[in-house]
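The listed protein sequences derive, respectively, from chains A and B.
The working numbering puts the first sequence at residues 1 to 375.
The working numbering puts the second sequence at residues 1001 to 1375.
Ideal Cβ placement from N, Cα and C applies to all residues, glycine included.
Please read all numbers here as calculations on a predicted model, not as lab measurements.
For reference, the structure is listed below as structure tokens.
There are 2 protein chains.
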Amino acid sequence: MATLTYLTTTHFDFGALEQLSRELKKAGVTKPLIATDAGLVGAGIVDTVTGALEDGTPFAVFDETPGNPTEEAVKTALDLYNSEGCDGVIALGGGSSMDLGKAVALLAGSGGPLAQYDPLLGGAKNIKSVAPVIAVPTTSGTGSEVSVGFVIILEDGRKMTFASPLFIPRAAICDPELTMGLPAGMTAATGMDAITHCIEAFLTPQVNPPAEGVALDGLWRGWQYLPRAVKDGSDRDARWHMMMCSTEGAMAFIKGLGAVHAMSHAAGRIRRLNPHHGTLNAVFLPEVLRFNEGACEAKYVRLRQAMGLEPGADLAKAVEAMNAAIGIPSGLAEMGLEESDIAELVEYAQKDLSARSNPRPVTAEDFEAMVRASM
Amino acid sequence: MATLTYLTTTHFDFGALEQLSRELKKAGVTKPLIATDAGLVGAGIVDTVTGALEDGTPFAVFDETPGNPTEEAVKTALDLYNSEGCDGVIALGGGSSMDLGKAVALLAGSGGPLAQYDPLLGGAKNIKSVAPVIAVPTTSGTGSEVSVGFVIILEDGRKMTFASPLFIPRAAICDPELTMGLPAGMTAATGMDAITHCIEAFLTPQVNPPAEGVALDGLWRGWQYLPRAVKDGSDRDARWHMMMCSTEGAMAFIKGLGAVHAMSHAAGRIRRLNPHHGTLNAVFLPEVLRFNEGACEAKYVRLRQAMGLEPGADLAKAVEAMNAAIGIPSGLAEMGLEESDIAELVEYAQKDLSARSNPRPVTAEDFEAMVRASM
Chain A
1 MATLTYLTTT HFDFGALEQL SRELKKAGVT KPLIATDAGL VGAGIVDTVT
51 GALEDGTPFA VFDETPGNPT EEAVKTALDL YNSEGCDGVI ALGGGSSMDL
101 GKAVALLAGS GGPLAQYDPL LGGAKNIKSV APVIAVPTTS GTGSEVSVGF
151 VIILEDGRKM TFASPLFIPR AAICDPELTM GLPAGMTAAT GMDAITHCIE
201 AFLTPQVNPP AEGVALDGLW RGWQYLPRAV KDGSDRDARW HMMMCSTEGA
251 MAFIKGLGAV HAMSHAAGRI RRLNPHHGTL NAVFLPEVLR FNEGACEAKY
301 VRLRQAMGLE PGADLAKAVE AMNAAIGIPS GLAEMGLEES DIAELVEYAQ
351 KDLSARSNPR PVTAEDFEAM VRASM
Chain B
1001 MATLTYLTTT HFDFGALEQL SRELKKAGVT KPLIATDAGL VGAGIVDTVT
1051 GALEDGTPFA VFDETPGNPT EEAVKTALDL YNSEGCDGVI ALGGGSSMDL
1101 GKAVALLAGS GGPLAQYDPL LGGAKNIKSV APVIAVPTTS GTGSEVSVGF
1151 VIILEDGRKM TFASPLFIPR AAICDPELTM GLPAGMTAAT GMDAITHCIE
1201 AFLTPQVNPP AEGVALDGLW RGWQYLPRAV KDGSDRDARW HMMMCSTEGA
1251 MAFIKGLGAV HAMSHAAGRI RRLNPHHGTL NAVFLPEVLR FNEGACEAKY
1301 VRLRQAMGLE PGADLAKAVE AMNAAIGIPS GLAEMGLEES DIAELVEYAQ
1351 KDLSARSNPR PVTAEDFEAM VRASM
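Below is the structure:
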């Protein structure tokens, strides 16, 4: 049985930030906590966003979101939310800040600890309420602004994916202007995150044709425009389409994701490396495309179409060529992963929520083989 | 500025009808009016649906929906709704019954006459409330079960399209089982309605990439499966995919439609002919594809992909070949349209809401030329 429920209100265009004040009012937020990171404060983007608030609107800023957000940081932000008397969240940034913001909103409405909401243990039933979140992405990758999920490294070391329709922000403000200053390396890594969302969501076996259509449209845009956005960050068309690819990828992954994300989540929790999630996706994607081939041939035909490839083209090789062209590391070894990391990576990948929706079942041996091939 | 708001909850599969009772409860409906037509009573489908209600649920049945629903019929149904003390609508049938049901729900919540809600005159602001509607389609064409619109012939003779997010049914129950008995002719006509929705919605200039992805996915299904569904009505796969094409087509046309629908609405109001809306769409579609060519070349590339055609293939000819293969009349003359009908058809087409969102502006002369070429 396919149950199709579509999502939130997304204001999307250059200038969309003008909608922020109206959306806060609609959500009944009088004093938002702005969940963000120090880089965005430094780049002046937090000022741009607070400048878009109605004059005199009180707010608080939490700018200590780590690259891979932790439960510890969520709790610190929640303390600020409470001590400042906030009643809603502006989740401002890339996936890390937006996910941290969503976690704060959950704890503000339903209390901690986070682990009680583990979706693999039916934790969604413990959600009482979620404080209103308005999401403002500053990268084109995660799509967390429209997604049902967020990912946090728990105090016990697990990198856990939380998922519920209640975690969809009340509104998403997608203003490509906020991505214009993103450096080439981050543009490439986040862009490959968005592209991976489109591909993995499309391939999951869950029945949701509208979401598959959205995924293919996002892939069509991302595959064309990512090289342009990386080459020339001031290319406004490319920035627009990359942000749309990102939003569409996340709309699509209400279908779930697959083995790429299972491994990226598992590798993302290795604090020594603090690897970028999008870079990990880019590096794992070719091997997963090789692994899934044959399990979803008809879908590979449509992927090739969306990517403008010849019939029968090798998808894994096409992704490897894209990675090379936009400066993604050639493999995990270059990112600092070591032989001694592999066993734990495989263990956590197997336990990850995304492992369950891969189109071809994945054993521990399969994961190990793919990790080794991605070194 | 693109504002993307996605839609309603759709239960979609063989057996989805089991969800009816639960959805009525969720919507707070204790006594529904079943808005339907005599054909569905005769075919036993109304019995199937009332059989899916919880034992003892009271209901009333209005089974006099005309082929192109009129304000007069809406008022008769509303009288029954009121005299029976109903508090919600099950809109059961093809586009005619579902649209009539939606109109009854509007008048039940906000009062008549219908003309005050004319969207071209900003009538949406007159909507106070809309009674809850659960939509149960029995054809694969209109997609009214998920759409923001409905179309009624007013007492003054206009065929008016009403549109508001408030007209989206609370839930859609899409059970392809209910379409298994649809005869080949109706399968073809309704199927071409769905395909036209996908194509026209994709081509409108409004910015909504997710809706375009949904449109292309619907077209991909419809173009493959319509000939199978027409040839063998018991082909369950074909019925499933045609119903999905229909639902996706209507999800997509939140973007608007185009010149095909402007002319079909104008021709649909000629009571002497009482033509089928889907058949009209099928007959007008080739000329509109010829007319729009050049105004949206990049989009034509993607239409060809979705339809599995060669690069550069003539879309209009492909639709003509499809029409011939599935038994659609060769033109308007075969449907009974006469020279003397043309002037009024052109006049009403120009005034139609859908004329505004055609990718290429359409003059009266253009409409006349397309009508003549479609004779």
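Verify whether the separation of the beta carbon atoms of residue i and residue j is less than 7 Å.
i: A:G93; j: A:L178; result: no
i: B:L1285; j: B:T1196; result: yes
i: A:C174; j: A:M243; result: yes
i: A:A105; j: A:V133; result: yes
i: B:T1142; j: B:G1095; result: yes
i: A:F62; j: A:L80; result: yes
i: B:L1154; j: B:E1054; result: no
i: A:N358; j: A:G268; result: no
i: B:A1238; j: B:Y1225; result: yes
i: B:A1373; j: B:Q1350; result: no
i: B:P1032; j: B:G1088; result: yes
i: A:A282; j: A:I328; result: yes
i: B:C1198; j: B:G1218; result: yes
i: A:K75; j: A:F150; result: no
In this structure, what does DSSP give as the bridge partners for residue i?
i: B:D1037; result: B:E1064
i: A:H277; result: Its beta-bridge partners do not exist; DSSP assigns none.
i: A:I254; result: For A:I254, which the question treats as bridged, DSSP gives no partner whatsoever.
i: B:V1089; result: B:L1033 and B:V1133
i: B:K1160; result: Note that residue 1160 of chain B is Met in the sequence shown here, rather than Lys. In DSSP, B:M1160 forms a bridge with B:I1152.
i: A:T70; result: A:I153
Give a yes or no on whether 7 Å exceeds the smallest Cβ distance from residue i to chain B.
i: A:E287; result: no
i: A:Q305; result: yes
i: A:M244; result: yes
i: A:P209; result: yes
i: A:E293; result: no
i: A:E248; result: yes
i: A:M98; result: no
i: A:G213; result: yes
Can you check whether the C-beta of residue i is within less than 7 Å of a C-beta belonging to chain A?
i: B:P1169; result: no
i: B:L1216; result: yes
i: B:G1308; result: no
i: B:T1003; result: Because B:T1003 sits at a pLDDT of 42, beneath the cut-off of 50, its placement in the model cannot be relied upon, and the following sentence gives the value as read from the coordinates. Answer yes: the Cβ-Cβ gap between B:T1003 and chain A drops below 7 Å somewhere.
i: B:M1263; result: no
i: B:M1251; result: yes
So, with DSSP's three-state summary, where would you put residue i?
i: B:I1195; result: helix
i: A:V29; result: coil
i: B:V1151; result: strand
i: B:I1078; result: Rather than Ile, the amino acid found at residue 1078 of chain B in this sequence is Leu. Note: B:L1078 maps to helix in three-state DSSP.
i: A:A171; result: strand
i: B:N965; result: What the structure shows of chain B is the stretch from 1001 to 1375, and residue 965 of chain B is not part of that stretch, so it cannot be assessed.
i: B:N1208; result: coil
i: B:M1244; result: helix
i: A:P183; result: coil
i: B:L1017; result: helix
i: A:G213; result: helix
i: A:G308; result: coil
i: A:M443; result: Given a span of 1 to 375 for chain A in the structure shown, any question on residue 443 of chain A remains unanswerable.
Assuming residue i contacts residue j (C-beta within less than 8 Å), just tell me the rounded distance between them.
i: B:A1135; j: B:A1091; result: 5 Å
i: B:G1319; j: B:L1289; result: The question names Gly, but residue 1319 of chain B in the sequence shown is Val. B:V1319 to B:L1289, Cβ: 6 Å. Contact.
i: B:T1065; j: B:L1100; result: 5 Å
i: B:T1008; j: B:R1170; result: 7 Å
i: A:M370; j: A:F291; result: 6 Å
i: A:H277; j: A:D193; result: 6 Å
i: B:V1146; j: B:T1010; result: 6 Å
i: A:F14; j: A:I34; result: About 21 Å separates the two Cβ atoms, so there is no contact after all.
i: A:W240; j: A:A306; result: Actually they are not in contact, since the Cβ atoms of A:W240 and A:A306 sit about 18 Å apart, beyond 8 Å.
i: B:V1230; j: B:I1127; result: Wrong, their Cβ atoms sit about 39 Å apart, outside the cutoff.
i: A:A379; j: A:A201; result: Outside the displayed range of chain A (1 to 375) lies residue 379 of chain A, so it cannot be described from this structure.
Anything in chain E within Cβ reach of residue i, meaning under 8 Å, just list it in chain order.
i: A:R221; result: Annotation note: the requested chain E is absent from the structure, which comprises protein chains A and B.
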